[in-house]
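Shown next, in structure tokens, is the structure this report addresses.
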Amino acid sequence: MARHSFIAGTGAYLPECIVTNDELARSVDTNDAWIHDRTGIRQRHIAGPRETCAHMGAAAARAALCQAGAEPGEVDAVILATSTPDQAFPATALRVQAELGIANGFGFDLAAACSGFIYGLSVADGMIRTGQVRSALVIGSEVYSRIMDWHDRTTCVLFGDGAGAVFLRATEEPDRGVLSTHLHAQGGLGDILYVDGAVGRHDRPGTLVMNGREVFRHAVTRLVETVEEALAANRLTHDAVDWLVPHQANRRIIDAVARKLGMNAERVVVTVDRHANTSAASIPLALAEAVGDGRIRRGDLVLMEALGGGLTWGSALARF
Ligand code: ACO
16 MARHSFIAGT
26 GAYLPECIVT
36 NDELARSVDT
46 NDAWIHDRTG
56 IRQRHIAGPR
66 ETCAHMGAAA
76 ARAALCQAGA
86 EPGEVDAVIL
96 ATSTPDQAFP
106 ATALRVQAEL
116 GIANGFGFDL
126 AAACSGFIYG
136 LSVADGMIRT
146 GQVRSALVIG
156 SEVYSRIMDW
166 HDRTTCVLFG
176 DGAGAVFLRA
186 TEEPDRGVLS
196 THLHAQGGLG
206 DILYVDGAVG
216 RHDRPGTLVM
226 NGREVFRHAV
236 TRLVETVEEA
246 LAANRLTHDA
256 VDWLVPHQAN
266 RRIIDAVARK
276 LGMNAERVVV
286 TVDRHANTSA
296 ASIPLALAEA
306 VGDGRIRRGD
316 LVLMEALGGG
326 LTWGSALARF
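In my numbering, the protein residues as written are 16 to 335.
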């Protein structure tokens, strides 16, 4: 078998501060029943002043290296997916590189909104396949609390902060590893979910704006398409999949995709109830939880999928 990557370790970091729906309802006109019925969310973690994208990403990456039994010196590349970096530059990936004491290799940030982890996994796996690197940290780290309009009840109830990471190593073992990744984007749909500013704009840093109904409609259609694409490319059916680890945007989107694929709820990893939507961090956070509690085991086939601002979307299939 040709060289490819496998997930040797997973790690997570969640801020200590938890804000429940009831607590949120004290500052914005909403309630637990509305939020839970429409999204499945009960609470979210919110970063404190010292919990930045780099800080959380480094903590998750350290945990992934520890689980893999790897030393920082073994890391050839750090790829960090985020929409909420610490600074315009240096890349937050390099702040993480420095914090972990990684002296070699290279690193960069990747912006693909909620699909960022799938994009990062795809880039890292490609680099390992071509022999450019032997290993890579792929991190999703987000502080969406800092790009929320906390007066807009239609968006601020949906998101949370956190970071997740995986450590990829090269392998030629045929029975494990990343089998495929599929990426998509449609820039023409950029206006249904975006941040209305950036560091490059003198007038505003920006907050998140969303047409929820449009996002919902595209999400279910595109996610089912890309999951079917992944299965077809590997000549597999959904019965072969042990775990679906979806981007955790919304319980109704997760359930609709699982239903269309004929996958029962016991095979779907769900964290949105406790983490809300942590964008690029949501899949590696869910992976870390399910590996940590023993649900995902060596040999299991795991299907990941995400859709986010851009629009971007994609899927990845990996044997643990
Ligand atoms: N609390 C109470 N009421 C609210 C809230 C709130 N937090 N937010 C909106 N409402 C009200 C609206 O004002 C509206 O009231 P009205 O009928 O008097 O005008 C009513 O609830 C219905 O609003 P809708 O926007 O039509 O609600 P909908 O059923 O579409 O649900 C939601 C909104 C949950 C955002 C839904 O569209 C959705 O799930 N969209 C997917 C978007 C998503 O998950 N985005 C995450 C980022 S993208 C990604 O990661 C894939």
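The beta carbon of each residue, even a glycine, is placed where N, CA and C say it ideally should be. Just so you know, these numbers come straight off a predicted model, no measurement behind them.
- Only buried fits GLU157, as 16 or more other CB atoms lie within 10 angstroms of its CB.
- In this structure, HIS290 is the residue among PRO261, HIS290 and PHE104 with its C-alpha nearest to the C-alpha of ARG57.
- Here ASP101 is buried, its C-beta having at least 16 other C-beta atoms within 10 Å.
- For VAL158, the enclosing beta strand (DSSP E) covers residues 150–158.
- Within the stretch 288–321, the runs of alpha helix (DSSP H) at least 4 residues long that lie entirely inside it are, in chain order, 297–307.
- Short of 6 Å from the beta carbon of ILE143, and not among the five residues preceding or following it, lie these beta carbons of its own chain, in chain order: SER20 and ALA185.
- Taking each of ASP315, ALA333, ALA321 and ALA305 in turn and checking the Cα distance to GLU240, the smallest one comes out for ALA321.
- In the structure shown, THR145 adopts coil according to DSSP, grouped into three states.
- For GLY84, the closest of VAL181, GLY122 and ILE61 by C-alpha to C-alpha distance is VAL181.
- Looking at the backbone, the Cα of GLY155 and that of GLY227 are separated by about 23 Å.
- Closest in alpha carbon position to ARG41, among TRP165, ASP124, PRO87 and ILE94, is TRP165.
- DSSP, read as helix, strand or coil, puts THR252 in coil.
- Under the three-state reduction of DSSP, LEU115 is assigned to coil, being neither helix nor strand.
- Under the rule that a run must span 4 or more residues, the alpha helix (DSSP H) segments found entirely inside the stretch 168–232 read 168–171.
- Judged by DSSP secondary structure, LEU95 falls within the beta strand (DSSP E) whose first and last residues are 92–96.
- In the three-state reduction of the DSSP assignment, GLY120 falls in the coil class.
- The stretch 39–89 contains, as complete alpha helix (DSSP H) runs of 4+ residues, the segments 47–54 and 68–83 (chain order).
- ASP176 is the residue among GLY141, ASP206, ASN279 and ASP176 whose C-alpha sits nearest the C-alpha of LEU29.
- Where ILE162 is concerned, there is no enclosing alpha helix (DSSP H), because DSSP gives it neither an H nor an E.
- Here ILE33 is bridged, per DSSP, to HIS60.
- As DSSP reads the structure, ILE133 sits in no beta bridge.
- Straight across, the Cα-Cα distance linking ALA255 with ALA103 is about 42 Å.
- For the pair VAL34 and PRO261, the Cα-to-Cα distance works out to about 23 Å.
- According to the DSSP assignment, VAL283 belongs to no beta strand (DSSP E), since it is labelled neither H nor E.
- Distance check between ARG161 and each of ARG216, LYS275, ILE61 and ALA69 places ILE61 closest, using alpha-carbon atoms only.
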